[in-house]
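These notes concern the structure reproduced below.
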Amino acid sequence: MIETNRLLIREMVHSDYDALCGILCDEEVMRASYERAFNLEEAQNWLNRHLKRYEEYGFGLWAVVLKETNEMIGQCGLTMQGWREQEILEIGFLFQKAYWHKGYATEAAIACKEYAFSVLHANRVYSIIRDTNIASQKVAVRNGMNIIDKDTKNFRNIDMEFFLYSVERTK
1 MIETNRLLIR EMVHSDYDAL CGILCDEEVM RASYERAFNL EEAQNWLNRH
51 LKRYEEYGFG LWAVVLKETN EMIGQCGLTM QGWREQEILE IGFLFQKAYW
101 HKGYATEAAI ACKEYAFSVL HANRVYSIIR DTNIASQKVA VRNGMNIIDK
151 DTKNFRNIDM EFFLYSVERT K
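All residue numbers for the sequence shown refer to the UniProt record's numbering, where the first residue is 1 and numbers rise by one.
The following block contains the structure:
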């Protein structure tokens with residue numbers, strides 16, 4: 001679907017479930033974004049939700065596959081998210097811990113931004129990132145984004161502070 005120098009970004013399929021669990025069920029990976037890891041049922045629901053998003057919107061979070069090994073190392077893509085009573089087009093990403101700090105999240109996020117602008121003809125894209133998730137904030141900045149808002153969102157009955165990052169299409 002989308003190809004970068006090192007990555008293939010494609011729709012997830014049911015057979016990606018085990019690799020997805022390697023991300024969503026990892027306590028350290030998920031603490032930064034969601035406070036705790038998902039259980040197996042929550043991971044399955046996550047996958048099912050994105051499969052439905054592909055049908056409904058034509059996009060969602062996609063599998064990020066390392067070309068060199070054909071291994072799914074993360075997910076990155078576009079989703080419609082609520083922010084202050086409006087729906088916004090968000091670039092989201094989660095990667096296996098073994099692939100952190102290697103530039104993969106930035107490479108994938110930039111590719112998704114370009115897809116949003118060139119294929120979906122979006123004028124602006126966003127990333128909603130916890131105020132404590134410094135690594136993801138750095139990815140957003142490397143993707144040309146700036147903080148434009150901050151809000152409290154409740155996820156899993158926990159109030160968390162989030163920054164809203166955004167970048168506008170320039171051409």
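Ideal placement from N, C-alpha and C gives every residue a C-beta, glycine not left out. Bear in mind that the values here come from a model prediction, so they are computed numbers and not experimental data.
Compare the C-alpha of residue i against each of the options and name the closest.
{"i": "Ala63", "options": "Met1, Glu55, Val29, Met160", "result": "Met1"}
{"i": "Asn70", "options": "Val139, Leu7, Tyr104, Ser166", "result": "Leu7"}
{"i": "Met145", "options": "Gly103, Lys97, Glu90, His14", "result": "Glu90"}
{"i": "Asn143", "options": "Arg124, Met160, Lys153, Lys150", "result": "Arg124"}
{"i": "Tyr54", "options": "Met12, Ala135, Lys97, Phe93", "result": "Met12"}
{"i": "Glu35", "options": "His14, Asp159, Asn5", "result": "Asp159"}
{"i": "Gly77", "options": "Val65, Trp83, Gln44", "result": "Val65"}
{"i": "His101", "options": "Asn39, Ile134, Tyr165, Glu168", "result": "Ile134"}
Which residue marks the beginning of the beta strand (DSSP E) containing residue i, and which one marks its end?
{"i": "Leu7", "result": "7-10"}
{"i": "Cys76", "result": "71-83"}
Quick check on DSSP: helix, strand or coil for residue i?
{"i": "Thr152", "result": "strand"}
{"i": "Asn157", "result": "coil"}
{"i": "Ala122", "result": "coil"}
{"i": "Ala37", "result": "coil"}
{"i": "Gln137", "result": "helix"}
{"i": "Gly22", "result": "helix"}
{"i": "Glu3", "result": "strand"}
{"i": "Glu68", "result": "coil"}
Check whether chain D comes within 8 Å of residue i, counting only Cβ atoms and requiring the distance to be less than that.
{"i": "Lys67", "result": "No chain D is present in this structure, which holds just one protein chain."}
Run through the DSSP bridge pairs and tell me what residue i is partnered with.
{"i": "Met30", "result": "The partner list for Met30 (beta bridge, DSSP) is empty, contrary to what the question assumes."}
{"i": "Trp62", "result": "Cys76"}
{"i": "Val13", "result": "DSSP, once it has assigned bridges, lists no residue as partnering Val13."}
{"i": "Arg130", "result": "Phe162"}
{"i": "Val92", "result": "Strictly speaking, residue 92 in this sequence is Gly, with Val absent from that position. Paired residue(s): Gly77."}
{"i": "Ile147", "result": "Tyr165"}
{"i": "Glu87", "result": "Gly82"}
Looking at the secondary structure, which residues open and close the alpha helix (DSSP H) in which residue i lies?
{"i": "Trp46", "result": "40-57"}
So is residue i buried or exposed if we call it buried at 16+ other beta carbons inside 10 Å?
{"i": "Gln75", "result": "buried"}
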